[in-house]
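In terms of the working numbering, the sequence shown has 234 at position 232, counting the first letter as 1, and numbering is strictly consecutive.
Every residue, glycine too, gets a C-beta built ideally from N, C-alpha and C.
These notes are about the structure you will find just below.
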Amino acid sequence: MTDFIALMNTSQYDFLRTDPRLGDRIMLLGLGGSHAYGTSREGSDVDFRGVALNRPSDILGLTRFEQYESRETDTVIYSFNKIVGLLLECNPNTCELLGLDPDQYLIVSPLGRELLENGHLFLSKRAARSFGGYAGAQLRRIQNALARDSMDQNEREQHILRSVRSALEDFCRRFKTFDKGSVELYIDKAETPGMDTEIFVDASYSHLPLRHYETMWRTMHNVVRDYDHIGKRNRKKDDNHLNKHAMHLIRLFMMAIEILEKGEIRTHRTGDLELLMKIRNGGFWREDRTFDREFYDILADYESRLEKAARNSVLPDNPDMEQVGAFVEAVNRRAVGHV
Numbered sequence: 003m004t005d006f007i008a009l010m011n012t013s014q015y016d017f018l019r020t021d022p023r024l025g026d027r028i029m030l031l032g033l034g035g036s037h038a039y040g041t042s043r044e045g046s047d048v049d050f051r052g053v054a055l056n057r058p059s060d061i062l063g064l065t066r067f068e069q070y071e072s073r074e075t076d077t078v079i080y081s082f083n084k085i086v087g088l089l090l091e092c093n094p095n096t097c098e099l100l101g102l103d104p105d106q107y108l109i110v111s112p113l114g115r116e117l118l119e120n121g122h123l124f125l126s127k128r129a130a131r132s133f134g135g136y137a138g139a140q141l142r143r144i145q146n147a148l149a150r151d152s153m154d155q156n157e158r159e160q161h162i163l164r165s166v167r168s169a170l171e172d173f174c175r176r177f178k179t180f181d182k183g184s185v186e187l188y189i190d191k192a193e194t195p196g197m198d199t200e201i202f203v204d205a206s207y208s209h210l211p212l213r214h215y216e217t218m219w220r221t222m223h224n225v226v227r228d229y230d231h232i233g234k235r236n237r238k239k240d241d242n243h244l245n246k247h248a249m250h251l252i253r254l255f256m257m258a259i260e261i262l263e264k265g266e267i268r269t270h271r272t273g274d275l276e277l278l279m280k281i282r283n284g285g286f287w288r289e290d291r292t293f294d295r296e297f298y299d300i301l302a303d304y305e306s307r308l309e310k311a312a313r314n315s316v317l318p319d320n321p322d323m324e325q326v327g328a329f330v331e332a333v334n335r336r337a338v339g340h341v
């Protein structure tokens, strides 16, 4: 069993201690991904997720800090102000950080403890839309992957276009301030030899941070690259990815229903692991590279349960912004005085 505290204290994570935006400004640091959900297997990547106080200059001055990413260690640490905006939309990737088991947190400062205790302030019926949107994206990935091998080139371009647009929607949800221009994707007569039609892009941006542009470009590139690898893929690896997408699809429904019915975030799916691991390990996967009927029956049941939970939810339609505002102001006042 991995000792995550010991891992965090190794040299590859020195940035947690030396970067001026992190260090003792980290409010929370916990597990992410499969280790957080309880669905990890031997060799699963280790992901850390966290929150750090904004610096005084971020709040009162001209500096700006939204999140710190270490791709080498799969670590993402959001600024407090950034994560507040995401939590208000019930963003699944950030809600997860507030629903870990106590032993899944590596750092919890006094202000981090207050964030956990006030997590309920951010929960609303918006969870149905946000979790449902992410689940829909997972389902589209599965449907596209199952269909794309038999498509002709023109139909494949249509699928790629839908997938790229969906990926960009997810991207824009993460970068709320991505408002410095626009990008339009469309299909027209091909200019590339050997193609009848292809996707074109019209983009116009001004004063856009280069790293944000690179991330957006990479988001689109990864979708196109995946499709271009058709016929060159490792089938076993590809099937494993589809099973993993299917598992996360059901997990998102599970978490959303629980949030809407109970007003609670439970990231570690202890009681659901039998079903989730059966999906991940290919228990519903058929030899002809499709999911069997039982999986789609399970999916339909969870879709119905989410609709019912959204209608009868114990949560308000929207967060109480006065309460949230008072909490955020109290934290940021202490952040300004933090040494």
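- Using a Cβ distance threshold of 7 Å, Thr199 and Glu159 count as a contacting pair.
- Contact between the segment 160-169 and the segment 275-287 is absent, with fewer than three C-beta pairs closer than 8 Å.
- If you draw a 10 Å sphere on the C-beta of Arg143, you find 16 or more other C-beta atoms in it, and that means buried.
- Looking from the CA of Leu89, the closest CA among Met323, Arg213, Arg282 belongs to Met323.
- Contact between Asn334 and Asn120 does not hold, since the beta-carbon distance rounds to 14 Å and is not under 8 Å.
- Between Arg167 and Glu186, the alpha-carbon positions lie close to 9 Å from each other.
- Residue environment for Leu31: buried (at least 16 other C-beta atoms within 10 angstroms of its C-beta).
- Beta-carbon to beta-carbon, Ala54 and Arg27 are separated by about 5 Å, close enough to satisfy the 8 Å threshold.
- DSSP, reduced to helix, strand and coil, places Asp49 within a strand of the structure shown.
- Taken in chain order, the whole alpha helix (DSSP H) runs of length 4 or more contained in the segment 91-141 are 94-97, 112-119.
- The Cβ neighbour count for His270, taken over all protein chains shown within 10 Å, is at least 16; the residue is labelled buried.
- The beta carbon of Gln140 sits closer than 6 Å to those of His247, His250, Leu251, all from its chain and outside the five residues before and after it, given in chain order.
- Assignment of Ser208 by DSSP, reduced to helix, strand and coil, places it in the coil class.
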